[in-house]
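Asks: One structure coming up, written as structure tokens, with questions to follow.
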Amino acid sequence: MTQNQPPLSAPAKAPLSRSLKLVLTFSLALNVAVVGLFFGSFLRDGPHRARVAMGDVSFGAYTQALSPESRQALRQAFRDNKAPKENLRFPFESVVAALRAEPFDPSAFASLLEEQAKITARRYDMGQTLFNDHISDLSKTERQAFANRLETMAKRAKIRRD
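Spelled out as structure tokens, the structure:
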């Protein structure tokens, strides 16, 4: 016995509601905007702008306004500095041990934070000296370009604040 039945077709899909279409369109537009912001930032600032190396010397806007070559030279000067490295490193293991100690000793923890502040101040002082030396060694043209970049950054920041 043979049956000649037509093949089963998929049930007809209900059309998407108008509100669902709007939500999907908005979601797609938002995703495209996020991707556009990411790539726009990447193209404007380059791939290394957001990267901060441990032990790097940074003076915020001043460091950002340096040319990439100047930033690299300053990083290298910081690494090459002959200051005893142990005076600039903080033993985080001591903080972890103090936090886990039972009973907890708040004064021991506070003294570790004070020591960390002293180390940070020494690093900053060394970085400030190296930064000043680097800027002093720039040619007039390089200093003017640095000043222009710094001024541009300040104007951008002011526009964002307003």
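Each residue of the sequence shown is one higher than the one before, starting from 461 at the first, in the working numbering. Beta carbons are placed, not taken as given, at the ideal position from N, Cα and C, and that holds for glycine.
(1) Examine the Cβ distances between the stretch 567 to 574 and the stretch 582 to 596 and report whether three or more of them are shorter than 8 Å.
(2) Helix, strand or coil for alanine 533? Go by DSSP, reduced to three states.
(3) Run through DSSP, which three-state label would glycine 520 get?
(4) Take aspartate 593 and list the residues in its own chain whose beta-carbon comes closer than 8 Å to its own, dropping the five residues that flank it on each side.
(5) Exposed or buried, what is alanine 525 when buried is set at 16 or more other beta-carbons lying within 10 Å of its beta-carbon?
(6) Based on Cα-Cα distance, which residue from Ala521, Glu529 and Ala570 lies nearest to valine 555?
(7) What is the DSSP secondary structure of glutamate 553, counted as helix, strand or coil?
(8) Sorted by chain position, which residues of the same chain lie with C-beta nearer than 7 Å to arginine 560's C-beta, five sequence neighbours on each side aside?
(9) Apart from the five residues just before and just after leucine 590, which ones in its own chain have a Cβ nearer than 8 Å to its Cβ?
(10) According to DSSP, is asparagine 592 helix, strand or coil?
(11) When you compare each of Arg616, Gln588 and Lys618 to threonine 523 by their alpha carbons, which one comes out closest?
Replies: Looking at the atomic coordinates:
(1) no
(2) helix
(3) coil
(4) Ala537
(5) It is buried - the Cβ of alanine 525 has at least 16 other Cβ atoms within 10 Å.
(6) Cα-wise, what sits closest to valine 555 is Ala570.
(7) helix
(8) none
(9) Val517, Leu534, Ala537, Phe538 and Asn541
(10) helix
(11) Gln588
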